[in-house]
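Trainee: Residue numbers (this note's numbering): 98 to 529. Idealized CB from N, CA, C, for every residue including glycine. Structure provided below as structure tokens; questions to follow.
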Ligand code: MEV
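So this is what it looks like as structure tokens:
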């Protein structure tokens, strides 16, 4: 059991600066780390940004929040989340609090195996090409590994070759060679792409065909992270509903996502609501994870829920989420973006797998929050207060006027820009 406690009572009531001090004492961050997490003031300088992507004209900021209450494999974690949507951080924190009652989240993960694909066309004899490629596996792997000596030195690198045959495609038969690479703590895109490009000429010689695409696959189904959670009925009980009734509702919510792709898409979006913000805060390629997650959701031939839920013999609601999570803690934006580095330090992760396991817990927590709300009072009630604040601000309210306008709109159950402007004008006329 860890000694840190991520249950910080009243965290949401503190000022951003007070929250930052709580975060500092949680994980021994120093003043420089806090400066990075505080953001603004050119933390990601335009000069640095100009080295990250092309045609830079500036930087773009997002709110950075902290999800509290997480307990993962007995260790408490504060989870940084960069996201623009209200209720995500609150929902994940709330669900993590419920999860603590049943012992928190438990996780596992696979090795960091990724696939590089080399497309071969105009192969004269498919069977002979497959044989020739497999006979030269060791040579192909050696050539691939010559591209990434650092990965190999650390015990990773290319370790297997596979060949897939598509008898028919819009441009005729295809042979696709897969290079299976252990990326260890790197996301691995650069290493894999270099390897795929390097082995393509050899594959052309062996197959007698022509190599076209040489690129990693974002369907990283051998790089999975999994989280499970047990929610006792007592944790889910509400003043107006028993825990058993809430569980029944949540099982219906899961059943809907299990059979209907229209619902499963939204259900999975809710899961990614928890994952993407952690990916962004830690400088990951979140588009890669999104692509992999949705493809994985369709792996059985029909798009379905990424999480699964059932009731155990003791009447607890048990949830499980597994998905591909290609993340890295070395290289890429993790090293270039100062706030991403501080976020990784806060998470105190020492491997890409640990980071992936935290992400999958954040996803499962978001899923719990959404299913519980949807199966009970509906999603709008919780959203309303924060949404009202956003509308008030977009109407021009600042300072205490934001709360006054927002509270009145919630009371009236009319959260509209036009009403926000009217209320703001009334308040300005009275007070200013
Ligand atoms: C909104 O961002 C996410 C939800 O739609 C997820 C879901 O429906 O499960 C609430």
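Nearest-angstrom Cα distance between residue 230 and residue 131?
Mentor: Approximately 53 angstroms between the Cα atoms of the pair.
Trainee: Determine the burial state of residue 469: buried for a count of at least 16 other Cβ atoms within 10 Å of its Cβ, exposed for fewer.
Mentor: It counts as buried.
Trainee: Enumerate in chain order the residues of its own chain whose CB-to-CB distance from residue 292 is below 7 angstroms, with the five nearest sequence positions on each side excluded.
Mentor: Answer for residue 292: 213, 241, 244, 245, 255, 276 and 278, listed in chain order.
Trainee: For the segment 373-385 against the segment 168-188, do three or more pairs of beta-carbon atoms, one drawn from each stretch, fall closer than 8 angstroms, so that the two count as touching?
Mentor: These segments touch.
Trainee: Which of the three DSSP states, helix, strand or coil, is assigned to residue 98?
Mentor: Bear in mind that a pLDDT of 47 at residue 98, under 50, signals an unreliable position, so the number given afterwards is only what the model happens to contain. Coil, per DSSP.
Trainee: Would you call the segment 121-129 in contact with the segment 320-336, where contact means no fewer than 3 C-beta pairs closer than 8 angstroms?
Mentor: No, the segment 121-129 does not touch the segment 320-336.
Trainee: Considering only the alpha carbon of each residue, which of 149, 151, 157 and 148 lies closest to residue 138?
Mentor: Among 149, 151, 157 and 148, the Cα nearest to that of residue 138 belongs to 157.
Trainee: Under a three-way DSSP split, which group does residue 166 fall into?
Mentor: Residue state, collapsed to three classes: strand.
Trainee: If we ignore side chains and look at the alpha-carbon of each, how far apart do residue 98 and residue 458 end up?
Mentor: Only weak support is given to the placement of residue 98: the predicted model assigns it a pLDDT of 47, under 50, and the value that follows is read from those uncertain coordinates. One C-alpha to the other measures close to 18 angstroms.
Trainee: CB residue 189 to CB residue 462, shorter than 8 angstroms?
Mentor: Cβ distance < 8 angstroms, so residue 189 and residue 462 count as in contact.
Trainee: Pick helix, strand or coil for residue 513, following the three-state DSSP scheme.
Mentor: Correct three-state label for residue 513: coil.
Trainee: When DSSP labels each residue in this structure, what does residue 457 get in the three-state scheme?
Mentor: Helix, per DSSP.
Trainee: Helix, strand or coil for residue 177, going by three-state DSSP, please let me know.
Mentor: If DSSP states are grouped into helix, strand and coil, residue 177 belongs with the strands.
Trainee: Which residues in the same chain as residue 331 place their Cβ atom closer than 6 angstroms to its Cβ, once the five residues preceding and following it in sequence are excluded?
Mentor: Answer for residue 331: 340, listed in chain order.
Trainee: Could you give the DSSP three-state label for residue 237: helix, strand or coil?
Mentor: Three-state result, residue 237: helix.
Trainee: Any chance the segment 312-323 sits against the segment 201-215, with 3 or more Cβ pairs inside 8 angstroms?
Mentor: Short answer: they touch.
Trainee: What residue ranges within the segment 402-454 form continuous alpha helix (DSSP H) runs of no fewer than 4 residues, ordered along the chain?
Mentor: If we require 4 residues or more, the alpha helix (DSSP H) runs fully inside the segment 402-454 come out as 430-433 and 435-444.
Trainee: Measure the alpha-carbon distance for residue 136 versus residue 145 and round it to whole angstroms.
Mentor: The alpha-carbon atoms of residue 136 and residue 145 are separated by roughly 14 angstroms.
Trainee: Please report the distance separating the alpha-carbon of residue 429 from that of residue 381.
Mentor: Approximately 8 angstroms between the Cα atoms of the pair.
Trainee: Helix, strand or coil: which one does DSSP assign to residue 157?
Mentor: Three-state DSSP puts residue 157 in coil, outside helix and strand.
Trainee: Can you pull the DSSP bridge partners for residue 259?
Mentor: Per DSSP, 275.
Trainee: State the beta-bridge partners of residue 324 as determined by DSSP.
Mentor: Partner(s): 204 and 418.
Trainee: In three-state DSSP terms, what is residue 331?
Mentor: If DSSP states are grouped into helix, strand and coil, residue 331 belongs with the helices.
Trainee: With burial defined as no fewer than 16 other Cβ atoms inside 10 Å of the residue's Cβ, what is the status of residue 317: buried or exposed?
Mentor: Residue 317 is buried by the Cβ-count criterion.
Trainee: What does the alpha-carbon distance come out to for the pair residue 508 and residue 471?
Mentor: Straight-line Cα distance between these residues: approximately 22 angstroms.
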